[in-house]
Every structure is written in structure tokens, then in C-alpha cells.
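Note sheet for the following structure.
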Amino acid sequence: MDETATKGMDIIMKCYIHHDPRILLDKLMKNEEMLVSLYYELANDPPPEHLKKTIAHMSQHHKAVLEKIKMLVHHFPPV
3 MDETATKGMD IIMKCYIHHD PRILLDKLMK NEEMLVSLYY ELANDPPPEH
53 LKKTIAHMSQ HHKAVLEKIK MLVHHFPPV
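Numbering-wise, the sequence shown is residues 3 to 81 according to the working numbering.
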């Protein structure tokens, strides 16, 4: 397994251990924020046009997911 997948699983397991949905949502938000930044950076480099469109689409997708998670956070106050 690559390092990113391992970190993702570690984050999820830590959240399940704490049984705090807010911790899980906070970590998911951070992950989505990192992905949005990554895709914006990739899109700014000079990739071929078809890859640039794919990267831009992925960035928009993760930004939308991030916004949905942010809406959920308000329903789960910190413990």
C-alpha cells in the first residue's frame, strides 16, 4: 500500500476509535482541502489540454465534496 492510502486508513481508524463524528469530519475536510490544492497546482503546470481538463474537473469535484462536509460539521459539535 502506498503512503497516502496508509495515512488515510490511519486517519479513519483513529476516528472510529474515538467514536467522534466531528473528528472524522474535520479530518475529511483537511483531506479534501489538500486534494483541492493539489489539483489546482497540477492544473497550473503545463500538462496536455485533456489532462488539464481532467485535473480541473477533479479539483471541482473535491471542492464540492469539501463544501458538503463543511455543511455537515455544524450538526456535530465537538465533544
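Glycine residues also receive a C-beta, built at the ideal position from the N, C-alpha and C atoms.
Assignment of Asp-28 by DSSP, reduced to helix, strand and coil, places it in the helix class. Rounded to the nearest whole angstrom, the C-alpha separation of Met-73 and Leu-37 is 18 Å.
The C-alpha of His-64 lies about 6 Å from the C-alpha of Glu-34.
If you draw a straight line from the Cα of Glu-43 to the Cα of Lys-54, it is about 11 Å long. The DSSP-derived three-state label of Pro-23 is helix.
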